[in-house]
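Those sequence lines, one after another, are chains S and L. Here the working numbering is used: position 316 in the first sequence is 320, and no number is missing along the way. Here the working numbering is used: position 284 in the second sequence is 288, and no number is missing along the way. All residues carry an ideal CB built from backbone N, CA and C; glycine is no exception. Step one of this worksheet: look at the structure below.
There are 2 protein chains.
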Amino acid sequence: MEKPYVIGIDMGGTGTKFGIVDTKGNILGQGSIPTPEYPEIQDYIDALYEGLLPLIEEVGGVSQIKGIGIGAPNGNYYTSSIEFAPNLPWKGVVPLGNLLKAKFQLPAVVTNDANAAAIGEMTYGVARGMKNFIIITLGTGVGSGIVINGDLVYGHDGFAGELGHTTIRRTNGRLCGCGKKGCLETYASATGVARTAREIIETSKEDSTLRSLDIEKITSKDVYEAAIKGDKVAKEIFQFTGNLLGEAFADFVAFSAPEAIVLFGGLAQAGDLIMKPIKDGLDNNVLPIWRGKIKVLPSNLKASDAAILGASALGWEGKE
Amino acid sequence: MEKPYVIGIDMGGTGTKFGIVDTKGNILGQGSIPTPEYPEIQDYIDALYEGLLPLIEEVGGVSQIKGIGIGAPNGNYYTSSIEFAPNLPWKGVVPLGNLLKAKFQLPAVVTNDANAAAIGEMTYGVARGMKNFIIITLGTGVGSGIVINGDLVYGHDGFAGELGHTTIRRTNGRLCGCGKKGCLETYASATGVARTAREIIETSKEDSTLRSLDIEKITSKDVYEAAIKGDKVAKEIFQFTGNLLGEAFADFVAFSAPEAIVLFGGLAQAGDLIMKPIKDGLDNNVLPIWRGKIKVLPSNLKASDAAILGASALGWEGKE
Chain S
5 MEKPYVIGID MGGTGTKFGI VDTKGNILGQ GSIPTPEYPE IQDYIDALYE GLLPLIEEVG
65 GVSQIKGIGI GAPNGNYYTS SIEFAPNLPW KGVVPLGNLL KAKFQLPAVV TNDANAAAIG
125 EMTYGVARGM KNFIIITLGT GVGSGIVING DLVYGHDGFA GELGHTTIRR TNGRLCGCGK
185 KGCLETYASA TGVARTAREI IETSKEDSTL RSLDIEKITS KDVYEAAIKG DKVAKEIFQF
245 TGNLLGEAFA DFVAFSAPEA IVLFGGLAQA GDLIMKPIKD GLDNNVLPIW RGKIKVLPSN
305 LKASDAAILG ASALGWEGKE
Chain L
5 MEKPYVIGID MGGTGTKFGI VDTKGNILGQ GSIPTPEYPE IQDYIDALYE GLLPLIEEVG
65 GVSQIKGIGI GAPNGNYYTS SIEFAPNLPW KGVVPLGNLL KAKFQLPAVV TNDANAAAIG
125 EMTYGVARGM KNFIIITLGT GVGSGIVING DLVYGHDGFA GELGHTTIRR TNGRLCGCGK
185 KGCLETYASA TGVARTAREI IETSKEDSTL RSLDIEKITS KDVYEAAIKG DKVAKEIFQF
245 TGNLLGEAFA DFVAFSAPEA IVLFGGLAQA GDLIMKPIKD GLDNNVLPIW RGKIKVLPSN
305 LKASDAAILG ASALGWEGKE
């Protein structure tokens, strides 16, 4: 008989969430551990095991588990390793898949966090039934997962889908953590939006409730709350960010002609305030054949659920 | 027994080339007709039939032919139509596949010309054995064919791979025939290179043999011939065009992480004069994980052969 459960693990720079998932996508039990508190990878694996063991016992023991799927920053599907992840405690190449297999005695499949979110959307979210879509994750960084003909795109080396590091400003572009200038991530990530807020506040004379906040700590949530109250500066921040995202999306459409682009993360929840400038930016920059035809959709999954569910879907692959 | 031959047709704005191809990729007979001389599509189909009939008879008649593959500007694999092709005599949507089927009584598969070239490279050229690569066709326009996991990318609607219309200059970009500004095509196409030549000649005081030519008619061949003789202006034209192509390629790499980018068309034959600035532009704009790792290769197929061979490969699909 097919084993009825999988384990999904969503590793992030600040926290790692995990859960047991059934074939219908129900999360039967979940927990979390703080990623940076384990500077030794083996201690991290041991902590994961201790966190998961009671959940595994609850569903009838390890014999009931088909496999483990894990989404991790810089996770590589082909090698099952994390490779040179700037925001994790472990340096160089970490053989994450093998360490999990050894500890849990279960098959383990690794991918990056944005790819896991894409699988989550395709299996349980707004991209259900779609064969061609792109997910853009707007968080501390900007990640992406690309689905073509129903399959995740991993590329020749397993690192495909780094759309946060495509260049959206070639002149006077902002310096990115990757060393390049003008990357999409420097504008559309949480820190990018905060940076835009600071720039607009400093260069405009418009009154704004955002001026009362610590200018170094403005979040996209602050901007959202000001914008829905009609704050002009806040609206301008969304306008700028949305248009720029739309411009970037136009080039992504020219590449893979997706049915939809799905937005995941806090910024995506700002409704028309962000969606309208995105759609305008997109339509003003795509070829006529695509104008008005590409859906831009906010994710409808709870952020934590999507990542666990997406990662867990890899668990069914049961790659040994 | 499997039928031993296919027909490959390469439709271009000025001429259409066709041939009979065997399973090993030998072109057994070929011919051509001038595309613009048939303002009625049915006359064009009839002329193709007349041109191909003696070749078909020579290999033993239509019973020996498995199918027809055709690469055409704006050709859509899903609908087997040409749709709104700006450089062809027929307007709107032309049901090319059905017209060919009706005339030849053979299955016919349509794709765009760059996709056909990609299939040609994958089957018989420098991309043999590669599962992930991108072909960029540098001609009157700039086209592209994207191969991921061994399959051509058609996208949701069949129009994927319009990389010539990604935006490479967002400020003061050149006006493109598509209506957008700053498209890669406005810089890297034959007319784009000629335009760069005119701009550099007009703004520089450097001596150049190019100054003796009609400034409106300079071709990339003229530029090549001047450059190999050491002409500084000609070298600067290649430097500018190559760097800009490399910048564009960096974003393509972030999308699909290909093993190689294959260049097809006249400009690709300029050797290190164009290849070096392309590689520099690429390496200066990709994430560190890809620096120095992505191959940039000139096509090694004869231009006319590649397109016929690529189109013919679709003939084996024998889609009814």
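Asked: With 8 Å as the C-beta to C-beta threshold (strictly closer), list the residues of the region 178 to 191 of chain L near chain S in chain order.; Found: C182, G183 and K184
Asked: Look at the alpha carbon of E324 (chain L) and the alpha carbon of L56 (chain S), and state the distance between them as a whole number of angstroms.; Found: The predicted position of E324 (chain L) is uncertain, since its pLDDT is 48 and thus under 50; no value can be drawn from it.
Asked: How many Å lie between S85 (chain S) and N136 (chain L) at the Cα?; Found: 21 Å
Asked: Any C-beta of chain L within less than 9 Å: which residues of the region 162 to 178 of chain S qualify?; Found: G162, F163, A164, G165, E166, L167, G168, H169, T170, T171, I172, R173, R174 and T175
Asked: Kindly indicate if chain L contains any beta-carbon less than 8 Å away from that of I150 (chain S).; Found: yes
Asked: Check distances from the C-beta atoms of the region 258 to 290 of chain S to those of chain L and list, in chain order, the residues that come in under 7 Å.; Found: A258, F259, S260, A261, P262, E263 and N289
Asked: Let's see if you can read the secondary structure: which residues bound the beta strand (DSSP E) around T141 (chain S)?; Found: F137 to L142
Asked: Of all the CB atoms in chain L, is at least one closer than 8 Å to the CB of V98 (chain S)?; Found: no
Asked: Please confirm whether P292 (chain L) has its beta-carbon closer than 8 Å to some beta-carbon of chain S.; Found: yes
Asked: What did DSSP end up calling E263 (chain L) once you bin it into helix, strand or coil?; Found: coil
Asked: Looking at the unbroken beta strand (DSSP E) that takes in S301 (chain L), where does it start and where does it end?; Found: The sequence given here has Leu at residue 301 (chain L), not Ser. Start and end: K299 to P302.
Asked: How many Å lie between N30 (chain L) and G65 (chain L) at the Cα?; Found: 18 Å
Asked: How about F163 (chain L) and N80 (chain L): are their beta carbons less than 8 Å apart?; Found: yes
Asked: Under 8 Å between beta-carbons, which chain L residues line up against D255 (chain S)? List them in chain order, please.; Found: T170, T171 and D255
Asked: Indicate whether at least one CB of chain S lies closer than 8 Å to the CB of N119 (chain L).; Found: no
Asked: So if I threshold CB-CB distances at 8 Å, which residues from the region 5 to 17 of chain L count as touching chain S?; Found: none
Asked: How would you call S316 (chain L), buried or exposed, if buried means at least 16 neighbouring beta carbons within 10 angstroms?; Found: buried
Asked: State the DSSP-derived secondary structure class of E87 (chain S), mapped to helix, strand or coil.; Found: strand
Asked: If contacts are defined as beta-carbon pairs under 8 Å, then I72 (chain S) and P111 (chain S) qualify, I think. What distance do you get, rounded to the angstrom?; Found: 7 Å
Asked: Please report the Cβ distance between D161 (chain S) and A261 (chain L), rounded to the nearest whole angstrom; I am assuming they are in contact, meaning their Cβ atoms lie under 8 Å.; Found: 5 Å
Asked: In this structure, does DSSP put Y82 (chain L) in helix, strand or coil?; Found: coil
Asked: In the DSSP assignment, what are the bridge partners of Y9 (chain L)?; Found: L:D26 and L:I69
Asked: Would you mind stating whether A122 (chain L) and A311 (chain L) have Cβ atoms separated by less than 8 Å?; Found: no
Asked: D287 (chain L) and G296 (chain L) look like a contact to me (Cβ under 8 Å); what is the Cβ gap, rounded to whole Å?; Found: 6 Å
Asked: In terms of alpha-carbon separation, which member of L:L100, L:K107, L:G124 and L:E125 lies closest to V113 (chain L)?; Found: L:L100
Asked: I'd like to know whether the C-beta atoms of Y128 (chain L) and L313 (chain L) end up nearer to each other than 8 Å.; Found: yes
Asked: Suppose the cutoff is 7 Å on Cβ atoms and the five residues either side in sequence are ignored; what does the same chain contact list for D226 (chain S) look like?; Found: L214 and L217
Asked: Run down chain L in chain order and give the residues with a C-beta less than 7 Å from the C-beta of G159 (chain S).; Found: N136, S260, A261 and P262
Asked: Any Cβ of chain S within less than 8 Å of the Cβ of N153 (chain L)?; Found: yes
Asked: If you compare alpha carbons, which of S:T39, S:F22, S:I60 and S:E41 is closest to K7 (chain S)?; Found: S:I60
Asked: Where N78 (chain L) and G19 (chain S) are concerned, what is the direct C-alpha to C-alpha distance, given to the nearest angstrom?; Found: 48 Å
Asked: CB I172 (chain L) to CB E240 (chain L), shorter than 8 Å?; Found: no
Asked: Please identify the residue among L:V257, L:G319, L:P43 and L:L318 whose C-alpha is closest to the C-alpha of H169 (chain S).; Found: L:V257
Asked: Identify every run of the beta strand (DSSP E) within the region 98 to 186 of chain S, keeping only runs that are complete inside it and at least 3 residues long; order them along the chain.; Found: 112 to 115, 137 to 142 and 146 to 152
Asked: Between the Cα of G147 (chain L) and the Cα atoms of L:W320, L:G16 and L:I11, which residue gives the shortest distance?; Found: L:G16
Asked: To the nearest angstrom, how far is the alpha carbon of Y42 (chain L) from that of L52 (chain L)?; Found: 11 Å
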